[in-house]
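Here the protein sequences come in this chain order: A and B.
Counted the way the working numbering counts, the first sequence spans residues 115 to 214.
Counted the way the working numbering counts, the second sequence spans residues 5 to 175.
C-beta: ideal position from N, C-alpha, C; glycine also.
As structure tokens, the structure follows; a few thoughts come after it.
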Amino acid sequence: MIPLNYYLLLSAFMFCCGVLGVVVRRNAIVVFMSIELMLNAVNLTLVAYSAFLGDVTGQMLVFFVMVVAAAEAAVGLAIIISLFRNKQTVNVDELNILKW
Amino acid sequence: MTFEQSVFYVLAAVSIFSAVMMLLQRSPVNSALYLILNFFCLGGLYLTLNAQFIAVVHISVYAGAIMVLFVFVIMLLNLGDEKRLREHLGIRMYFGIAFSVALLAELLYILGFSSANAYVQQSPSAAEIGTVEYLGKVLFTKFLFPFEITSFLLLAAIIGAVILAKKKVVQ
């Protein structure tokens, strides 16, 4: 049997990869993918705790995280498309119209 | 090493590898492909945790729907042009790496002291919990209200996506 800690370690590492992607990468689409990676790392934690504690609530929460991730991907990619249409770039450094 | 352990180690190694490679790829299409590999590994890890239904839903929703959307948008935006992909990284990259390594160290520090160390064996009811039957029963009784609310969320997302991505005449 694999102890719970191994799953949590893997999840922590993947979450930090996602954080690194959001902070370092400048391509808006890759930033988005990194956010999906972070959501998945959290999902892994939830499922692992659910299995080890014998509680179904964790797996229910994963459902709702998936729904939010799907909605977020749809709206976020639509935002990227409309930004690209107006600015001809997806580099987040050049998308500074909300900055003053 | 038992079969279960070796499956876990292989899946964990491939998922870490693909997560790191996703960050290092210059082209977003390659990043997307590595992310899909990562999702498949996660699906396998859910299977090792006896969460069969979550595993299937994860593969079909993430690898099937969300990543298709990503690849479709990459195709639509025609980002293959190398000039647009150039990323200027300076001191900010080192700060970013330092901060995420610090976050990882904090998480590991917490894990070292957490009560999670006590759990070495999956719960005996884990296999029962992951089935469609059990999850469906809980979803449509205890979690019925949140389930209904998600339909509103999805409706709002659909409307938002259509309005945002609709062709507008500029100037």
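Taking the straight line between their C-alpha atoms, what separation do you get for residue i and residue j?
i	j	result
Leu49/B	Tyr121/A	9 Å
Ile167/B	Leu158/B	14 Å
Ala120/B	Tyr113/B	13 Å
Val69/B	Asn210/A	According to the sequence displayed, residue 69/B carries Ala and not Val. Roughly 30 Å separates the two Cα atoms.
Ile143/A	Phe74/B	8 Å
Phe198/A	Thr145/B	44 Å
Leu39/B	Met152/A	12 Å
Ser217/A	Leu53/B	The structure shown does not extend to residue 217/A, since chain A is modelled only from 115 to 214, so the question has no answer here.
Val182/A	Ser129/B	28 Å
Ala165/A	Thr159/A	10 Å
Leu31/B	Leu148/B	At residue 31/B the sequence reads Ser, which differs from the Leu that was named. Cα to Cα, the separation comes out at about 42 Å.
Val179/A	Val14/B	26 Å
Ala16/B	Cys45/B	7 Å
Gln202/A	Asn119/A	45 Å
Ile58/B	Leu51/B	8 Å
Ala165/B	Leu191/A	8 Å
Leu115/B	Arg140/A	31 Å
Leu123/A	Gln126/B	17 Å
Val145/A	Val24/B	14 Å
Glu137/B	Val65/B	20 Å
Leu212/A	Lys171/B	22 Å
His62/B	Gly47/B	6 Å
Phe151/B	Ala160/B	15 Å
Phe117/B	Leu81/B	47 Å
Met26/B	Ser19/B	10 Å
Phe7/B	Arg96/B	43 Å
Under 7 Å from any heavy atom of the ligand MN, does the C-beta of residue i make it?
i	result
Val124/B	The ligand MN is not part of the structure shown, which contains no ligands of any sort.
How far does the alpha helix (DSSP H) with residue i in it reach, from first residue to last?
i	result
Thr189/A	For the sequence presented, residue 189/A should be read as Val rather than Thr. Element bounds for Val189/A: Thr171 to Lys201.
Gln125/B	Careful: Gln125/B lies outside any alpha helix (DSSP H) and carries neither H nor E.
Ser119/B	Per DSSP, Ser119/B belongs to no alpha helix (DSSP H) and is neither H nor E.
Ile70/B	Note, Ile70/B: premise wrong, no alpha helix (DSSP H); not H, not E.
Gly94/B	Here Gly94/B belongs to no alpha helix (DSSP H), and DSSP marks it neither H nor E.
Gly164/B	Leu148 to Ala169
Lys213/A	Note, Lys213/A: premise wrong, no alpha helix (DSSP H); not H, not E.
Phe146/A	Ala142 to Leu167
Glu208/A	Where Glu208/A is concerned, there is no enclosing alpha helix (DSSP H), given that its DSSP letter is neither H nor E.
Gln9/B	Phe7 to Leu28
Leu49/B	Pro32 to Thr52
Gly135/A	Leu118 to Val138
Phe57/B	Gln56 to His62
Val136/B	Val136 to Leu143
Would you grab the beta carbon distance between residue i and residue j for me? Rounded to a whole angstrom, and I think it's under 8 Å.
i	j	result
Asn42/B	Ser10/B	With 8 Å as the limit, Asn42/B and Ser10/B do not qualify as a contact, their Cβ atoms being about 19 Å apart.
Ile194/A	Val204/A	6 Å
Ala126/A	Leu111/B	4 Å
Val156/A	Gly100/B	That pair is no contact at about 20 Å.
Phe76/B	Ile116/A	Their Cβ separation, rounded to whole angstroms, is 37 Å, which puts Phe76/B and Ile116/A out of contact at 8 Å.
### Message
Under 8 Å, with one C-beta from each stretch per pair, do the segment 95-109 of chain B and the segment 27-39 of chain B reach the 3-pair mark?
### Response
no
### Task
Specify whether the segment 127-137 of chain A and the segment 170-178 of chain A touch according to this definition: at least 3 beta carbon pairs, one from each stretch, less than 8 Å apart.
no
### Query
If contact means a Cβ-Cβ distance below 9 Å, which residues of the segment 133-152 of chain A contact chain B?
Val133, Leu134, Gly135, Val136, Val137, Val138, Arg139, Arg140, Asn141, Ile143, Val144, Phe146, Met147, Ser148, Glu150 and Leu151
### Task
Can you give me, in chain order, the residues of the segment 32-47 of chain B that have a beta carbon less than 8 Å from any beta carbon in chain A?
Pro32, Ser35, Ala36, Leu39, Asn42, Phe43 and Leu46
### Query
Are at least three pairs of beta-carbons, each pair with one atom in the segment 163-171 of chain A and one in the segment 130-144 of chain B, less than 8 Å apart?
yes
### Task
Would you check if the segment 56-71 of chain B and the segment 179-191 of chain A touch, i.e. whether three or more CB-CB distances between them fall below 8 Å?
yes
### Near-chain A residues of the segment 157-171 of chain B - C-beta to any C-beta below 9 Å
Leu157, Leu158, Ala160, Ala161, Ile162, Gly164, Ala165, Val166, Ile167, Leu168, Ala169, Lys170 and Lys171
### Message
Short of 8 Å Cβ to Cβ, which residues in the segment 126-137 of chain B face chain A?
### Response
Gln126, Ser127, Pro128, Ser129, Ala130, Ile133 and Gly134
### Query
Looking at chain A, which residues of the segment 92-107 of chain B have a Cβ within less than 9 Å of any of its Cβ atoms?
His92, Leu93, Arg96, Met97, Phe99, Gly100, Ile101, Phe103, Ser104, Val105 and Leu107
### Query
Between the segment 116-127 of chain A and chain B, which residues of the former have a C-beta closer than 8 Å to a C-beta of the latter?
Ile116, Pro117, Leu118, Asn119, Tyr120, Tyr121, Leu122, Leu123, Leu124, Ala126 and Phe127
### Query
Going along the chain, which residues of the segment 7-21 of chain B sit with their C-beta nearer than 8 Å to a C-beta in chain A?
Glu8, Gln9, Phe12, Ala16, Ser19 and Ile20
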